[in-house]
Every structure is written in C-alpha cells, then in structure tokens.
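J.: Protein sequence lines correspond, in order, to chains A and B. Quick note on the working numbering: the first sequence kicks off at 1 and runs consecutively. Quick note on the working numbering: the second sequence kicks off at 1 and runs consecutively. Cβ atoms here follow ideal geometry from the backbone N, Cα and C, with glycine treated the same way. Attaching a single structure in structure tokens format; questions to follow.
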Amino acid sequence: MFAAKFGRNALLGLAALAVTTAAGGAQAFEPTKPIDFVIMAGKGGGADKMARLMQSIVEKEGLSSRPLVPTNKPGGTGAEALVHMNSANDPNHTIMVTLNSFFTTPLRQPGLKVDILKFAPVGRMAEDTFLLWVHKDTGITTFEQFLAEAKKRGKKWVMGGTGKNSEDNIITDHLNNAYGLKIKYIPYKGGGAVAKDLAGQQITSSVNNPSEALGFYEAGSVIPLVAFTDERLPMFPDVPTLKEKGGNFSYFMQRAVVGAPGMSKDALAYYTALFTKVYNSKAWQTYKSKKSLMGDFLAGAPLKSYWGVQRERHTKILKASGAIK
Amino acid sequence: MDILVSLADGMLQALQPFNLGLAFLGVVVGLFVGAMPGLGSVNGVAILLPFTFVIQDISGSATSPMIFLAAIYYGAMYGGAISSITLGIPGASTAVATTFDGRPLALAGKADKALVTAAIASFIGGTVANLLFTGFAPALASIALDFGNPEVFALMLLAFATFVGLGGDDIPKTIFSICFGLVLATVGFDIISGEPRLIFFEITGFSHGIRFLVLAIGVYGIGEMLWTINAAKDNTAMTETKMSPKTILREIRAFPAAWKGTAIGSTLGFFVGILPAAGATPGSLMAYGVAKMVSRRPERFGKGEVDGVAAPESANNAASTGAMLPMMTLGIPGSPTTAVLLAGMVIWGLQPGPLLFTEQPDFVWPLIGSFYISNVIALVVNLAFIPVFLWMLRMPFTILAPLIFVLSIVGTYAAYQNMFDVWLMVLFGLGAYLLRVLDYPLAPAVLAVVLGPIAEPKLRQSLLLSDGDFSIFFTRPIAGPITVIAIILILLPLAKLLWSKARR
Numbered sequence: 001m002f003a004a005k006f007g008r009n010a011l012l013g014l015a016a017l018a019v020t021t022a023a024g025g026a027q028a029f030e031p032t033k034p035i036d037f038v039i040m041a042g043k044g045g046g047a048d049k050m051a052r053l054m055q056s057i058v059e060k061e062g063l064s065s066r067p068l069v070p071t072n073k074p075g076g077t078g079a080e081a082l083v084h085m086n087s088a089n090d091p092n093h094t095i096m097v098t099l100n101s102f103f104t105t106p107l108r109q110p111g112l113k114v115d116i117l118k119f120a121p122v123g124r125m126a127e128d129t130f131l132l133w134v135h136k137d138t139g140i141t142t143f144e145q146f147l148a149e150a151k152k153r154g155k156k157w158v159m160g161g162t163g164k165n166s167e168d169n170i171i172t173d174h175l176n177n178a179y180g181l182k183i184k185y186i187p188y189k190g191g192g193a194v195a196k197d198l199a200g201q202q203i204t205s206s207v208n209n210p211s212e213a214l215g216f217y218e219a220g221s222v223i224p225l226v227a228f229t230d231e232r233l234p235m236f237p238d239v240p241t242l243k244e245k246g247g248n249f250s251y252f253m254q255r256a257v258v259g260a261p262g263m264s265k266d267a268l269a270y271y272t273a274l275f276t277k278v279y280n281s282k283a284w285q286t287y288k289s290k291k292s293l294m295g296d297f298l299a300g301a302p303l304k305s306y307w308g309v310q311r312e313r314h315t316k317i318l319k320a321s322g323a324i325k
Numbered sequence: 001m002d003i004l005v006s007l008a009d010g011m012l013q014a015l016q017p018f019n020l021g022l023a024f025l026g027v028v029v030g031l032f033v034g035a036m037p038g039l040g041s042v043n044g045v046a047i048l049l050p051f052t053f054v055i056q057d058i059s060g061s062a063t064s065p066m067i068f069l070a071a072i073y074y075g076a077m078y079g080g081a082i083s084s085i086t087l088g089i090p091g092a093s094t095a096v097a098t099t100f101d102g103r104p105l106a107l108a109g110k111a112d113k114a115l116v117t118a119a120i121a122s123f124i125g126g127t128v129a130n131l132l133f134t135g136f137a138p139a140l141a142s143i144a145l146d147f148g149n150p151e152v153f154a155l156m157l158l159a160f161a162t163f164v165g166l167g168g169d170d171i172p173k174t175i176f177s178i179c180f181g182l183v184l185a186t187v188g189f190d191i192i193s194g195e196p197r198l199i200f201f202e203i204t205g206f207s208h209g210i211r212f213l214v215l216a217i218g219v220y221g222i223g224e225m226l227w228t229i230n231a232a233k234d235n236t237a238m239t240e241t242k243m244s245p246k247t248i249l250r251e252i253r254a255f256p257a258a259w260k261g262t263a264i265g266s267t268l269g270f271f272v273g274i275l276p277a278a279g280a281t282p283g284s285l286m287a288y289g290v291a292k293m294v295s296r297r298p299e300r301f302g303k304g305e306v307d308g309v310a311a312p313e314s315a316n317n318a319a320s321t322g323a324m325l326p327m328m329t330l331g332i333p334g335s336p337t338t339a340v341l342l343a344g345m346v347i348w349g350l351q352p353g354p355l356l357f358t359e360q361p362d363f364v365w366p367l368i369g370s371f372y373i374s375n376v377i378a379l380v381v382n383l384a385f386i387p388v389f390l391w392m393l394r395m396p397f398t399i400l401a402p403l404i405f406v407l408s409i410v411g412t413y414a415a416y417q418n419m420f421d422v423w424l425m426v427l428f429g430l431g432a433y434l435l436r437v438l439d440y441p442l443a444p445a446v447l448a449v450v451l452g453p454i455a456e457p458k459l460r461q462s463l464l465l466s467d468g469d470f471s472i473f474f475t476r477p478i479a480g481p482i483t484v485i486a487i488i489l490i491l492l493p494l495a496k497l498l499w500s501k502a503r504r
C-alpha cells in the first residue's frame, strides 16, 4: 500500500535498493497492480474451473497483495491467448493458465510466431489424466471387448472429444493407428458436452478427463475401460492402464501457470513462490486427489525442459496425424 | 409429498435471516449489473465468485454462496429489461428481445406499462419455471440427454423459422437480414476444423468472432438511437411519462392483457433453458417469435405490443431457472452464467451431476427454496424502483441521447476490455442506421448472430455422424417432427405469396 503511493521510477529504485541491501533475504519483486490472469480456454471448462480455484485460494489465504484478475481468451484453441501473452505490455504482471494447446497451437500455426520456451516457467500445478469411457448399456466391460466391438462397427463407432487436433483427438488417432480401428471423431466445444452426449448415448465413447466424466461415472451410467497413464489411478484402482494391455502409450495434459515472455527473474521468483503456496494449500491438494490429477510441482529449468520434451513429442504426434508437415 | 416436505424445509432454510439477506443483496446487485449496458449476470457472478468463499466461511455451508449468486442471476434478468425499455440499449444479451417492443412503448409514453409488464412477466416466468423444476427435475434431465446434435439443430431451425414465417414483414428483407447475421456468426475460429475463418485484413480482433453484445449494442445503442434522433428532432424529451403509485397500480391491474405472451414465454423459455448449449438469450428470442406468430395482431409487434415485452421477459427468467437444471443434474452449463456457477460449485466442494439431488439434499432444497424467494424479492424491489427508472426518461433528449452513446461505448468496453470491439460496435451502429433507413429489419440479424454459433456446429456434428446424409434430421424420433414443423413454417409465407399471386 505504502509503495503504491510512489511513482513508478521511485518504486523501481526502491526495488533495486531492496535487491542490493537485503540480498537473498527479502522478496525482490512485489506486484504493483492487479495481475492479468489469462485463461487459455472458455468459461466453465476444466481449465477455467481450475484457474478460478487458484484465484480463490490466492484470495482466501491472502497470498498476494494484488488480486489476480481472470480473463478468458479461448479463441483459436489458445491462439488468442498466446498472442496476447507474446505482446503483453507488462510481462511482470501477466500470467496464464495453460493446457496442451500451449504445445500444439504454436506448432500448427507457425504464423503466430510464438516460441513457448521464451515463456516464464512459473509452475506446473498438475497433470490431468485421460480414461476411455463407454456407456454401461453397451455391455462392454473390458478394453478387449471395446476393441472387438469398435472393429466390428468400423465408422459407426463414434468418439466425442473437445476440439480438433486436441488432446482427445490425439488419443483417438492413436487408438485408430495402433489397433487398426476406424473410429469416427466428432469435435465438441467442451468436455462437459461430450460427457453429457455419452451419457445420453449420442456418441459411443469418450476420452474425458476424470473431472469431466465423474458425475456420470458415480451415477453408474458410464464406465472407464482403460487409463492412458503410466500407473493405475488411485481413484480407479480396478481400471488397467493401456500399458498393462500391451500398448506403449500414455498421455497427460499439463495444467501449468506460465509468465509472459520477458518477465524479469525477480518477478518469476515471486510467482513461483506464490504458486508453490497455492500448490501446497489444502484446497488444491483436495481438488487434485478428488479429480484424479497427477504430477508434482515443477518450476524453473525442469519445467522448461519438460516443455521441450512435450514440444518434441507433439511435433511427432501432429506429423503422424498429418496436422502439420 | 416428499417433494413438498423437502421444499418446505428448504424454504425455511432459505428464509433464515442470513440467507434472506444474501438473496436480497444478490437481487439488488443483479438488478444493477443487469441494467448496466454491457454488464450482464455473467460478469456479476464471475466478479463476485471469489467473495463467496467468505460467505461460505461464515455460514458453513455451500448453499449460502449459491443463494447469493443465483439471486444475482435472477436479479440481472429483471434488470436487463430496465435499460432495454428506458434507454433502448439492451442491458444484457438476454434482454435484446425486450427492446423490440419495450422501446416503442417507452417512446409512446407508456414506459410505465412496459416496465410493470416486464417485472410481472419476469416473476411469472420465474415462478412457473420453479414449479416445473421442483416437480420434474429428474425427468426433465433425461429429456436433456435425449437432445443430441440433430435435435438441437432442428430446434435452432425452428427458431429461425419463427422469424421468417411471420406474416407482415418483408420476407426477402428478413431473409437477407438472417443471412447477413449468419455470415457474421461464422467469423473467428471454427470449432470443428480449428481453422480461422473470415479474419478480415488479418486483424486479430476478429479471431474470437463477432461478439453478440458488440452487435446488439451497436444496433440498438447507436443505430436505433440515430434513427430516433432523426425521427424526433423536434421533441425535447424522449417521452412524456407521468408517474405515481396510482398509474403503477393501474398497470398492474392491466397486466392480464399480456397473458398470452407470458404463458408462451414461461413454458418455451423453460424448455429451451434446460437444453444445454441454449440458455436465456435464444429462449427469449424464440419466445418473442412464437408470441408474434400466434398473436391475433402480429402487425403490432415491434410497434409497442405488451405481449412482445411479456414473452421475452418471462422467457429469460424461465430459461435462467431452466438452465440450472442441466447444471445441477448433469454438470453441464446451459448458459455462460451457469458455467461460472458450475465452477463455483466445484470450488465449494460439490460434485454437480446426476447424484447431486440424492447425495446433497441439504444443498439442493434450500437453493430451490431460495429461487422462489429471490423471485418475490426481485418483483417487489423492481416495482418499487420503477419511478426512479421513469425519471431517467424525463431527461431532455439532448442529454439522454449523448448519455446513451457514452453508455454504449463504456458498456462495450466493460464487457470485453478491448478497444477493437468498441470500434466494431460503432461500425455496426452506423451500418444498422443505414439498414434501418432502407427499411431492413435488424432483429433477424441479431437472432442469427445468437443462434448461428449454436446451430452451425450442431449441423456439422450431425452430418459427421451421418456421413453427410441429411435424412438424420428426419428419421430420429425427436428431431424429425421438429424439422418438419420448421420447414413448413419457412415455406408457409412462400405458399401464401404464390397463392395470392395465383388468385390475381
């Protein structure tokens, strides 16, 4: 509050003073205005719910002296958000919640001139998981039965998923390629609509995140057949992984917070500390286990190298499906 | 009987002073954000979501914060009508249809009639929807599940049909207007292919598509306003409206004249509301179209017909209650606002979905009880404030008109924090004025911009399902009859035209 009364230059001087005098000890960066908290997806989706949960944890525990102001930028599978970040006026006050479109959209649209390795690695809050779901009335209870039935029905087997060339599309492509299936993929606007259409048997399967399918799963109308994870999920101990079934494939969605390109070191340190606190909060940990999220907190150089690996992998995936050359 | 006991119990909970206070506060906040052009219930709910944590801490249950947010939602549905009627700018996208007849009524000095009709119709719409919700929630949820892609598309087709198939208007001009709106609706990134479309001059602002409110504020705040200035240059005040408790009482007694619009709006709005993806804006527009279609004097619509105010107003309230149903029972938002409410429920530790009613009755029933109570509060507050709203109208036109322009610009900026959208809004306003001078109806274009983005993906998803075979819209048990009715309605005016030509 006190600092806000000073001009911008005075404040910078003050901050510089703080760095030189109290080396290491005190926090070198403090936000001086509300923080632009960009969400790379529309209102009501998984990313949006998560972002608003983070915001409310920051608010409730009083973790930041300035509020996080969420703005949804869903346009063009994250393109709108990425461009906004790339051209941020004040990178020290601009952060974003990301999905895997953080990797795929810059690859599919090189014209955006977005290099994700230039973004500031604030913190990975979780990795979301994917399962294969069918309606219980199909009578299918195992992955083998699914393969047999999907093979038999050919193009009449319909997979609903969120968006084209998205996470759901990538998994569907993998199933088609690896098992010689002809599943038809229908893109939807959001995971909730997919879950509803599976429950209403408008489509025959989905690869929803647990958070999206949970309601219908608990009501007994949809059942999970296989998890696209490395190990079984604690919440679904009886559901085998695809690896157990002989497949060499797992897939996760990063739920990470990133800073705009050009964010200062001190600001990055501030946001990493802030989101470490959010990550360790009881509310976040409860949410993580309730929605079957995985992944430890990752920040700084390890997070950047994780992005590098993911970018590599998505380049291969998109090339294989013909989405990019 | 079980339901009645649960409901009575829930109402008692909702009537506890803390919850009652929250409902009152929520309604007042909602009225304000609803009446402010550009701000709608979705903004109010999203901004106040973090504060609900404090409410939850005080009350110790998730019901109280939800009562608060739901009251904002309802309040905004009432509030949207206020600026639609008094200023002619839709306060929120849900109140666009209210401007069609609300504004002409205000210009004719009958703003009190329009405001009272809007308030009472809103109350009836909300209450009818509450009764349906209370009695049949689980059964209705299964109807929502039966509506797949072809069914939703058929319904959207029906909505377009109600606008084309109206006698009286110039049909070719109406169709032009719809097509123009549909083109605008395709701007931006395509959901199905993920490709950008119609990004004019590679301006990034187009990548998120033409926002509905940008068009609506442009058309009504700028375009219609310029038209009014032109038409009424000699008048100093926008309208002469005397106000006294007596006139308001008189209008309340005269309300039954709008029974037809209210009945249509209440039921149609509710059913459109329970379908995920639709929500209150399409609901109110469809109710307006149907009310005009079944009216005995459709030619009066758009010129100040009370049914034209009652239908959309009862529909947007009924639809907002309806939209709660898929949110609570299926975990799917039926409107942008319920999407934020859904996020709220997750944050408060609830699992919306098929089991919510059985596993969380302590949450559900007090909330349903509060729906009834918030509606009563909103009606009373609204009626009490009508004289204040009317006072706005008595401002000299030379002050009011610039004020409306300023509100249009501020409102557009407030909605999206983006100067590009403000310029676009002004451009639409000037374009709308031109079209108005040339006597093109603009409501169909507005309708197309709302329904286009819903209808188009549904059409393409359906055709993906059927491998491009259009018979999918005729052979399915629910989609079939709806499609046939829609096509008949579209062809009806054509047949009439041919018949009258043949007779000559």
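Can you pull the chain B neighbours of I186 (chain A), defined as C-beta to C-beta under 7 Å?
T.: For the purposes of this step, residue 186 (chain A) is taken as the residue at position 186 of the first sequence. Those are Q461, L464 and L465, listed as they occur along chain B.
J.: Hey, which unbroken runs of the alpha helix (DSSP H) at 4 residues or more fall wholly within the region 19–76 of chain B?
T.: 41–48 and 52–59
J.: Assuming F212 (chain B) and V449 (chain B) are in contact, meaning their beta carbons sit under 8 Å apart, how far apart are those beta carbons, in whole angstroms?
T.: By one-based count along the second sequence, residue 212 (chain B) stands at place 212. By one-based count along the second sequence, residue 449 (chain B) stands at place 449. Contact flag correct, Cβ pair sits at about 5 Å.
J.: Rounded to the nearest angstrom, what separates V226 (chain A) and K291 (chain A) at their Cα positions?
T.: Numbered from its first residue, the first sequence carries residue 226 (chain A) at position 226. Numbered from its first residue, the first sequence carries residue 291 (chain A) at position 291. Going by the C-alpha atoms only, they are around 17 Å apart.
J.: Is it right to say M77 (chain B) is buried, meaning 16 or more other beta carbons lie within 10 angstroms of its own, or is it exposed?
T.: Against the second sequence, residue 77 (chain B) aligns to sequence position 77. Answer is buried; the Cβ neighbour count reaches 16.
J.: Please tell me whether F123 (chain B) and L379 (chain B) are closer than 7 Å, where the distance is taken between their beta carbons.
T.: Looking up residue 123 (chain B) in the second sequence gives position 123. Looking up residue 379 (chain B) in the second sequence gives position 379. Against a cut-off of 7 Å, the Cβ pair of L379 (chain B) and F123 (chain B) comes out as a contact.
J.: Would you identify the three-state DSSP class for E244 (chain A), choosing helix, strand or coil?
T.: Looking up residue 244 (chain A) in the first sequence gives position 244. It is coil, neither helix nor strand.
J.: Quick one: complete alpha helix (DSSP H) runs, 4+ long, within the region 122–178 of chain B?
T.: 149–164
J.: Give the straight-line distance between the Cα atoms of V128 (chain B) and G111 (chain A), rounded to the nearest whole angstrom.
T.: For the purposes of this step, residue 128 (chain B) is identified with residue 128 of the second sequence, where counting begins at 1. For the purposes of this step, residue 111 (chain A) is identified with residue 111 of the first sequence, where counting begins at 1. Each residue's Cα considered, the two are about 52 Å apart.
J.: Can you find the residues in the same chain that come closer than 8 Å, C-beta to C-beta, to K304 (chain A), ignoring five residues on each side of it along the sequence?
T.: Within the first sequence, the letter at position 304 stands for residue 304 (chain A). So the list reads L117 and P121, once near-sequence residues are dropped.
J.: According to DSSP, what are the bridge partners of V38 (chain A)?
T.: To locate residue 38 (chain A), count along the first sequence from 1; it is residue 38. A:T71 and A:M96.
J.: How many Å lie between V346 (chain B) and Q55 (chain A) at the Cα?
T.: As a first step, residue 346 (chain B) must be located in the second sequence, where it is residue number 346. As a first step, residue 55 (chain A) must be located in the first sequence, where it is residue number 55. Taking the straight line joining both Cα atoms gives about 13 Å.
J.: Run through the DSSP bridge pairs and tell me what Y185 (chain A) is partnered with.
T.: The sequence position of residue 185 (chain A) within the first sequence is 185, counting from 1. For Y185 (chain A), which the question treats as bridged, DSSP gives the partners A:M159.
J.: Quick check: is the beta carbon of I191 (chain B) nearer than 7 Å to any beta carbon in chain A?
T.: Taking the second sequence and counting its residues from 1, one reaches residue 191 (chain B) at position 191. Chain A, which has a Cβ nearer than 7 Å to the Cβ of I191 (chain B), makes this yes.
J.: Just list the residues that DSSP pairs I223 (chain A) with in beta bridges.
T.: Along the first sequence, one-based indexing puts residue 223 (chain A) at 223. DSSP lists A:V134 as the bridge partner or partners of I223 (chain A).
J.: With a threshold of 6 Å (Cβ to nearest heavy atom), would L268 (chain B) be considered close to the ligand ZN?
T.: The ligand ZN is not part of the structure shown, which contains no ligands of any sort.
J.: Alpha carbon to alpha carbon, what distance is there between A323 (chain B) and G60 (chain B)?
T.: Taking the second sequence and counting its residues from 1, one reaches residue 60 (chain B) at position 60. Taking the second sequence and counting its residues from 1, one reaches residue 323 (chain B) at position 323. So the two alpha carbons sit approximately 26 Å from each other.
J.: Just confirm the distance between the C-beta atoms of M40 (chain A) and V97 (chain A), as a whole number of angstroms; I'd bet it's less than 8 Å.
T.: Counting from 1 along the first sequence, the entry for residue 40 (chain A) is found at position 40. Counting from 1 along the first sequence, the entry for residue 97 (chain A) is found at position 97. Yes, they are in contact, since the Cβ atoms of M40 (chain A) and V97 (chain A) sit about 6 Å apart, within 8 Å.
J.: Strictly under 7 Å for the Cβ-Cβ distance: is T77 (chain A) near chain B by that measure?
T.: For this step, residue 77 (chain A) is matched to residue 77 along the first sequence. Taking Cβ atoms only, chain B reaches closer than 7 Å to T77 (chain A), which makes this a yes.
J.: DSSP puts G123 (chain A) in a beta bridge; with which residues?
T.: Locating residue 123 (chain A) in the first sequence gives position 123, where the first residue counts as 1. G123 (chain A) pairs with A:V257.
J.: By Cβ distance below 8 Å, which residues in the same chain neighbour P240 (chain A) in space, the five residues on each side in sequence not counted?
T.: Along the first sequence, one-based indexing puts residue 240 (chain A) at 240. Result list for P240 (chain A): F143, V226, A227 and R232, in chain order.
J.: Where do the N-terminal and C-terminal ends of the alpha helix (DSSP H) with N280 (chain A) fall, by residue?
T.: Position 280 of the first sequence, counted from the start, is the residue given in the question as residue 280 (chain A). K265 to N280 is the extent of the alpha helix (DSSP H) around N280 (chain A).
J.: For the region 216–231 of chain B, which residues have a beta carbon sitting closer than 8 Å to at least one beta carbon of chain A?
T.: none
J.: So, does the region 100–109 of chain B touch the region 407–426 of chain B, judging by three or more C-beta pairs under 8 Å?
T.: no
J.: Taking 8 Å as the cut-off, does the region 298–310 of chain B touch the region 278–286 of chain B (at least 3 CB pairs, one atom from each stretch)?
T.: Note that the region 278–286 of chain B does not touch the region 298–310 of chain B; fewer than 3 beta-carbon pairs, one per stretch, sit closer than 8 Å.
J.: Quick one: which residues of the region 471–504 of chain B get their C-beta closer than 8 Å to a C-beta of chain A? List them in chain order.
T.: Result list empty, no residue passes.
J.: From the DSSP secondary-structure annotation, give me the bridge partner or partners of G302 (chain B).
T.: As a working mapping, residue 302 (chain B) is identified with position 302 in the second sequence. The partner list for G302 (chain B) (beta bridge, DSSP) is empty, contrary to what the question assumes.
J.: Just by C-beta distance, which residues in the region 142–169 of chain B are closer than 8 Å to chain A?
T.: If the cut-off is 8 Å between Cβ atoms, the region 142–169 of chain B has A144, L145, D146, F147, G148 and N149 near chain A.
J.: For chain A, find out if any of its Cβ atoms is closer than 7 Å to the Cβ of V187 (chain B); answer yes or no.
T.: Against the second sequence, residue 187 (chain B) aligns to sequence position 187. No, because no Cβ of chain A sits closer than 7 Å to the Cβ of V187 (chain B).
J.: Could you tell me the alpha carbon to alpha carbon distance between I485 (chain B) and V183 (chain B), rounded to whole angstroms?
T.: Counting from 1 along the second sequence, the entry for residue 485 (chain B) is found at position 485. Counting from 1 along the second sequence, the entry for residue 183 (chain B) is found at position 183. Here the alpha carbon of I485 (chain B) sits roughly 25 Å from the alpha carbon of V183 (chain B).
J.: Mind checking which residues open and close the alpha helix (DSSP H) that includes D101 (chain B)?
T.: Stepping through the second sequence from its first residue, residue 101 (chain B) is reached at position 101. Residues V96 to L107.
J.: Measure the C-alpha to C-alpha separation of N418 (chain B) and G331 (chain B) and round it to an integer number of angstroms.
T.: Walking along the second sequence from the start, residue 418 (chain B) turns up at place 418. Walking along the second sequence from the start, residue 331 (chain B) turns up at place 331. Rounded to whole angstroms, N418 (chain B) to G331 (chain B) spans 31 Å at the Cα level.
J.: Any residues in the region 55–72 of chain B with a beta carbon nearer than 9 Å to a beta carbon of chain A? Which ones, in chain order?
T.: D57
J.: Tell me the start and end of each unbroken alpha helix (DSSP H) in the region 242–268 of chain B that is at least 4 residues and wholly inside, in chain order.
T.: Every alpha helix (DSSP H) of 4 residues or more that sits fully in the region 242–268 of chain B is shown, in chain order, as 245–254.
J.: So, with DSSP's three-state summary, where would you put F189 (chain B)?
T.: Walking along the second sequence from the start, residue 189 (chain B) turns up at place 189. F189 (chain B) falls in the strand class under three-state DSSP.
J.: If I measure Cβ to Cβ from R253 (chain B) and keep anything under 8 Å in the same chain, skipping five residues before and after, which residues do I get?
T.: Stepping through the second sequence from its first residue, residue 253 (chain B) is reached at position 253. Result list for R253 (chain B): empty, nothing under 8 Å.
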